[in-house]
Amino acid sequence: MAEPVEKPTDEPLNRWGGWKAPTYLKRGSGSQDLRLVAGSAVLGLVVAVGAVLAAGPWDSGQRKAERDLATVRERAGGAHHQGEAPDGPAPAPSAPPVLTALGDTTGLSAAAGKSALAAALAPLLDAPALGSVRTAVVVDVASGEQLYAEGATTPMTPASTVKIATAAAALSALGPGHRIATTVRLSPDSRTLTLAGGGDPTLDEAALRSLAADTARSLRDGGAGAVRLTYDTSRYSGPALHPIGPNENIARVSALMTDEGRLDGSSRGPAPRTDDPAGDAARTFAEMLDEAGVETRSEPVPGRTAAGARTVATHLSAPLSALVERALTNSDNDIAEALARQTALKAGEPASFEGARRAVTARLKALGLPVAGARLADGSGLDRADKVTATLLAGLLALAADPDHPELRPVLTGLPVAGFSGTLGDRYTATSRGTGLIRAKTGTLTGVNSLAGTAVDAKGRLLAFAFLASGTTSPDEAEASLDALATTLTKATG
Numbered sequence: 000m001a002e003p004v005e006k007p008t009d010e011p012l013n014r015w016g017g018w019k020a021p022t023y024l025k026r027g028s029g030s031q032d033l034r035l036v037a038g039s040a041v042l043g044l045v046v047a048v049g050a051v052l053a054a055g056p057w058d059s060g061q062r063k064a065e066r067d068l069a070t071v072r073e074r075a076g077g078a079h080h081q082g083e084a085p086d087g088p089a090p091a092p093s094a095p096p097v098l099t100a101l102g103d104t105t106g107l108s109a110a111a112g113k114s115a116l117a118a119a120l121a122p123l124l125d126a127p128a129l130g131s132v133r134t135a136v137v138v139d140v141a142s143g144e145q146l147y148a149e150g151a152t153t154p155m156t157p158a159s160t161v162k163i164a165t166a167a168a169a170l171s172a173l174g175p176g177h178r179i180a181t182t183v184r185l186s187p188d189s190r191t192l193t194l195a196g197g198g199d200p201t202l203d204e205a206a207l208r209s210l211a212a213d214t215a216r217s218l219r220d221g222g223a224g225a226v227r228l229t230y231d232t233s234r235y236s237g238p239a240l241h242p243i244g245p246n247e248n249i250a251r252v253s254a255l256m257t258d259e260g261r262l263d264g265s266s267r268g269p270a271p272r273t274d275d276p277a278g279d280a281a282r283t284f285a286e287m288l289d290e291a292g293v294e295t296r297s298e299p300v301p302g303r304t305a306a307g308a309r310t311v312a313t314h315l316s317a318p319l320s321a322l323v324e325r326a327l328t329n330s331d332n333d334i335a336e337a338l339a340r341q342t343a344l345k346a347g348e349p350a351s352f353e354g355a356r357r358a359v360t361a362r363l364k365a366l367g368l369p370v371a372g373a374r375l376a377d378g379s380g381l382d383r384a385d386k387v388t389a390t391l392l393a394g395l396l397a398l399a400a401d402p403d404h405p406e407l408r409p410v411l412t413g414l415p416v417a418g419f420s421g422t423l424g425d426r427y428t429a430t431s432r433g434t435g436l437i438r439a440k441t442g443t444l445t446g447v448n449s450l451a452g453t454a455v456d457a458k459g460r461l462l463a464f465a466f467l468a469s470g471t472t473s474p475d476e477a478e479a480s481l482d483a484l485a486t487t488l489t490k491a492t493g
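Every letter in the sequence shown is one number past the one before it in numbering that gives the first Met the number 0, and letter 416, counting from 1, is 415.
Following this line, the structure appears as structure tokens:
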């Protein structure tokens, strides 16, 4: 599990200068540089690179997704992300370069060669495959220096790279150790039992079975007899259907569901979804109650939890850090929307698309990030109304590596690893220089392609980048061009 923090960040950064009001980036005089007003660049880099390559909270110190993918490829998730190619790289050939880069500490604080990097990136950014509008920002994480920028403050449709913003806001608001509770409550007269959803889309049948067993034990101890079963989804409000409509990339957004409403037994990627996720979960729970010896009088119906009801059973989700990693690695839209709504609830906003938009935006602003031009219409990036700038995305990634913000570290550890995991598992070959050195969130909608993440350069420096393109006509060609841009960063030696 990620390092716990006593309290999420509530105030703007106080050690990284200001934009106009206090923000974490500031412009260097006479240039387009963005500089961090920070301490030792070498110390910052060591911590930052360590954060990026540190184990995530999935499996006792080793990121389970990466370990599993060393032997068995995961099918990618998210909008329009395709499955793994059969000729992807084995993990062993690409692991040594990562370790070698980390071991070579010479020149870590040397000034970056901006002109050389610009000369390398500019023609790649002009590739016709990147469509009619393309923007880019590259930042040296340790020094905060902006090494390259093109259209840095132009609002762009980010597709799934907006999940970086969603994840950072949730971690900042709630902390990495937060867990989402699903509860079972008994009315004061012991006649009505209510399954109350807390917004955990990863609730599964095993969890429901455990809840049923605990409920049966509590009812027996209390001498309760047959009960009427209801289910409560009132924690969420607003439309349940995403603006894109019924879609295999996302279920109806509900505070109560099992397995993200999937009907095919899958755990990631597009899948057929139920039209009634809450009702399905409640009916499954009723069957399990019956098996556990609790008689339910009739089919479960929706209803609010009775006033004065007592909790008889509780299931807690995995920590928020693990949910963030899963959402980013697999581009999981259902978890991303849940993260946005949990942020809204923490802020006292309605847990709806609109409430989440306000809460996530406010949280990013409180972190001192440049939110001008941003519109976070949803948490997943499926909505084309989403707009962010390359500066915002690169800034978020740099902030997640800041030693003063360990609560944000899962943003980095959750990023897919080039050639290894998630939506980057099949986009880099065994011979690609970027394999193992690039961690990035992908974004794909029709006519939109994006890539935002981190890269380790030839001197071991950590670079944060965001590349956004719209008006693309070939997803494969656009992805190849974005991957070429990211790979170029690993060659930087200035």
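Think of the CB as a built atom: it goes at the ideal place given N, C-alpha and C, for glycine as much as any other residue.
If you run the structure through DSSP and keep just helix, strand and coil, what is residue i?
i	result
Ile334	helix
Asp231	strand
Leu444	strand
Arg408	coil
Arg133	strand
Ala75	With a pLDDT of only 36 at Ala75, under the threshold of 50, the placement of this residue in the model should not be trusted, and no figure is reported.
Lys345	helix
Ala417	coil
Can you tell me the Cβ-Cβ gap for residue i and residue j, rounded? I've got them flagged as a contact below 8 Å.
i	j	result
Ala305	Leu207	Going by Cβ atoms, the distance from Ala305 to Leu207 rounds to 21 Å, so no, they are not a contact pair.
Ala128	Glu476	4 Å
Ala339	Gly380	Not really, about 11 Å apart at Cβ, beyond 8 Å.
Leu462	Ala454	5 Å
Leu375	Val359	5 Å
Leu228	Ala285	5 Å
Ala496	Thr388	Any question about residue 496 goes unanswered here, given that the chain covers just 0 to 493.
Ala373	Leu391	6 Å
Arg383	Thr232	Not a contact, Cβ separation roughly 27 Å.
Ala417	Leu423	5 Å
Gly470	Gly244	The Cβ separation is near 23 Å, so there is no contact.
Leu120	Leu484	6 Å
Determine the closest residue to residue i out of the options, with distance taken between C-alpha atoms.
i	options	result
Ala205	Pro269, Gly143, Ser316, Phe466	Ser316
Pro200	Ala358, Arg303, Arg261, Arg408	Arg261
Phe466	Lys458, Ser480, Thr472, Leu170	Ser480
Leu414	Gln145, Leu396, Ala117	Leu396
Arg408	Leu327, Val293, Ala118	Leu327
Gly174	Gly424, Ala361, Gln341, Arg303	Gln341
Thr191	Ala335, Arg309, Thr422	Arg309
Phe464	Leu124, Met155, Gly394	Gly394
Thr295	Arg303, Gly307, Arg282	Arg282
Ala335	Met287, Gly150, His241, Val311	His241
Arg303	Thr390, Asn332, Thr182, Leu210	Thr182
Pro405	Ala148, Arg178, Ser171	Ser171
Arg178	Pro318, Gly307, Val132, Phe419	Pro318
Gly292	Thr489, Lys490, Val410, Gly224	Gly224
Val226	Leu288, Ala212, Leu488, Ser265	Leu288
Tyr147	Gly130, Pro154, Leu123, Ser131	Leu123
Gly459	Val132, Thr273, Leu488, Ser114	Leu488
Ala211	Ser266, Ala312, Thr160, Ala180	Ala312
Leu255	Ser266, Ala270, Asp203, Pro269	Asp203
Within the segment 141-212, ranges of the beta strand (DSSP E) (whole runs, at least 3 residues): 145-149, 180-185, 191-195
Any 3 or more C-beta pairs closer than 8 Å across the segment 146-166 and the segment 210-227: no
Validate contact between the segment 443-452 and the segment 365-374 using beta carbons, cut 8 Å, 3 pairs: no
Stretch-stretch touch, CB-based, cutoff 8 Å, three pairs: the segment 309-327 with the segment 242-257: no
contact_flag[the segment 191-201, the segment 425-438] where n(CB pairs < 8 Å) is 3 or more: no
Sequence ranges, beta strand (DSSP E) only - wholly within the segment 215-262, length at least 3: 227-231
Inter-stretch contact (C-beta, 8 Å, three-pair minimum) for the segment 170-188 and the segment 290-303: no
Minimum length 4: unbroken alpha helix (DSSP H) runs contained in the segment 264-326: 276-290
Validate contact between the segment 222-237 and the segment 341-359 using beta carbons, cut 8 Å, 3 pairs: yes
Any 3 or more C-beta pairs closer than 8 Å across the segment 425-435 and the segment 127-144: no
Segments of 3+ residues assigned as beta strand (DSSP E) that fall wholly inside the segment 437-493: 437-444, 447-455, 461-469
Length-filtered (4 minimum) alpha helix (DSSP H) runs lying within the segment 360-406: 389-399
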